[in-house]
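In the numbering used here, the protein residues as written are 178 to 585. One structure is given below, encoded as structure tokens.
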Amino acid sequence: MNYTLMHKSIPVLDFVMDEATSSIQKIIAVWRLEHLPVGTVSVKGIVDRGALNAWWLDRSIPASRSGIREALQDLGVSNVQVLLPKCFGLSLSDQYWVRPFRSGLRWEDINFFENPFSEDIGDVLVGKAVGSPQLDFRSPDNTSDGFLKKRWKIIDGRRCLLKTGSPPFMQQPFNEVIASIVAQRLGIPHVEYSLLWDNEIPYSVCEDFISPDTELVSAWRVMQTKKKSNSESLYQHYLSCCATLGVSGVAHALNQMIVLDFLIANEDRHLNNFGLIRNADTLEWIGPAPTFDSGSSLGYDKLNVQIASMNGIECKPFKRTHEEQLRLISSFDWLDFEALTGVREEIRQVFAQAGNYIDRDRVEAIVAAFSSREDYLRRQAEAQISIDDPSQDVQENVAQDYHGNRGR
């Protein structure tokens, strides 16, 4: 079937889609090269169909999503990719969509930022029964990302993302709230998270930080805009790509993100859950996105003794360890440790809402580990050591795997 890739109301290119796989089989015509998704134009200034296909299929729900096999059976579809055209590829992270030839569809009438959407897909994805046998597929949940069960809802007119945790501790929603508290105290731009309980299951709730006129461009996509040299570290490559695009303030934003991730022992800051924001109409870059998606932290999947020892903590996106990643920070002058006074009690108060999921011993192990990391960070800030050793980068093939592991 033939489609037009649209950027809001702007036709970008016409293409042929394979109905069985939803993949782009052939590009028919290119109308607005500059409005193509970031990182899908080759160095020769032509459309890279492989990169465009990767971008398009990356909009689908990850096959690793918790409970996705059962959800697909309930939805009556064979794979996650075929859900994309059912909602015209619409998302609440950017302004791209696909319009079937001769359909006459208009952005103003179907985008999810300004129009209502169905809750059917969200109900299925979080394991709820759907009342009607006729499912309405018009939902941003068809293009939601990440491993955890999640859904979009309109709450008091706001587009909000609800995300649960993983058994047995279901800790991620509480971690999101704690990350918000730490970021607020340190003056780090961030997405605000709160808690919500539904059928005795905890969810984190955050409002969409993208508007009808802006869009999120992941660090992964930014890093596809130019070739990385062999001598360049991943960190330097990202900074170089941002500089070429004309985006300022990136190094400082990374300083803040790395500090936050160290304090909360974030294990999943992959290349698709940080990035840049740009104006979808003018294509002007606005700046770094606020920090979001910090739930896989604070020993979320570890036993109490492992949390206390602080061993086995994974690090992303640049270095193999958090300690090595701290050495990337160019300045600690902005960091006010006094702002963290009393934060341990706030951590306890957040986890006090967890009921039987998280016991007191686990909370105290988390608080003690946080205190140890704060002490280490103080020593690092006093030493003011800044080193970027490319040999300590995460393995490049691992970095590429982040391409299919988006999160919000």
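The beta-carbon is built from N, C-alpha and C at its ideal position, and this holds for glycine as well. Bear in mind that the values here come from a model prediction, so they are computed numbers and not experimental data.
- Taking the CA atoms as reference points, GLY476 sits about 19 Å from SER243.
- Look at the beta carbons and you see the stretch 268 to 285 not touching the stretch 243 to 254: under three pairs across the two are nearer than 8 Å.
- Boundaries around ASN179 are those of the beta strand (DSSP E), 179 to 184, since no alpha helix (DSSP H) includes it.
- Between the stretch 396 to 404 and the stretch 442 to 452, the count of C-beta pairs closer than 8 Å reaches three or more; the two stretches touch.
- Looking at LEU210, ASP458, SER241 and MET194, the one whose alpha-carbon comes closest to that of TRP233 is MET194.
- Here PHE495 really is in contact with TYR412; their C-beta atoms are around 5 Å apart, less than 8 Å.
- Counting only unbroken stretches of 4 or more residues, the alpha helix (DSSP H) elements lying wholly within the stretch 195 to 277 are 226 to 234 and 245 to 252, in sequence order.
- Short of 7 Å from the beta carbon of LEU416, and not among the five residues preceding or following it, lie these beta carbons of its own chain, in chain order: VAL427 and ALA428.
- Here VAL540 has ARG525 and PHE528 as same chain residues with Cβ atoms under 7 Å from its own Cβ, once five neighbours each way along the sequence are excluded.
- Counted as a single uninterrupted DSSP element, the beta strand (DSSP E) harbouring ILE331 occupies residues 327 to 332.
- Contact between the stretch 288 to 296 and the stretch 200 to 208 is absent: fewer than 3 CB-CB pairs across the two stretches fall below 8 Å.
- Secondary structure remark: continuous beta strand (DSSP E) runs of at least 3 residues inside the stretch 420 to 499, in chain order: 452 to 456 and 462 to 465.
- If you look at GLU369, you'll find it isn't in any alpha helix (DSSP H); DSSP assigns it neither H nor E.
- Along the stretch 341 to 413, the beta strand (DSSP E) occurs as fully enclosed runs of 3 or more residues at 370 to 375, 378 to 384 and 391 to 395, listed in sequence order.
- Rounded to the nearest angstrom, the gap between the Cα atoms of ILE435 and LEU503 is 7 Å.
- In this structure, ASP191 and THR198 do not form a Cβ contact; the two beta carbons are roughly 19 Å apart against a cut-off of 8 Å.
- Using a Cβ distance threshold of 8 Å, ILE484 and ALA542 count as a contacting pair.
- Counting along the chain, no alpha helix (DSSP H) covers TRP511, and no H or E run does either.
- For ASP536, the three-state secondary structure derived from DSSP is coil.
- LEU453 is the residue among ASN481, ALA516, LEU453 and ASP536 whose C-alpha sits nearest the C-alpha of LEU393.
- Taking ASP438 as the centre and dropping the five residues before and after it, the same chain places the C-beta of ARG446 closer than 6 Å to its C-beta, in chain order.
- Look at the beta carbons and you see the stretch 325 to 337 touching the stretch 374 to 385: at least three pairs across the two are nearer than 8 Å.
- Bounds of the alpha helix (DSSP H) holding GLN526 are 520 to 528.
- Excluding the 5 residues flanking it on each side, ARG209 has same chain C-beta neighbours closer than 6 Å at ILE187 and VAL189, in chain order.
- Annotation: the continuous alpha helix (DSSP H) that includes GLU285 extends over 284 to 287.
- By the neighbour-count criterion, in which a residue is buried when 16 or more other Cβ atoms sit within 10 angstroms of its Cβ, THR468 is buried.
- By a beta-carbon distance limit of 8 Å, THR320 contacts SER237. Their separation comes to about 7 Å.
- In its chain, beyond the 5 residues on either side, MET400 and LYS405 have a beta carbon closer than 7 Å to the beta carbon of HIS414.
- Taken through DSSP and simplified to helix, strand or coil, ARG336 comes out as strand.
- The alpha-carbon separation between ASN456 and SER486 amounts to approximately 45 Å.
- If you draw a 10 Å sphere on the C-beta of PHE278, you find fewer than 16 other C-beta atoms in it, and that means exposed.
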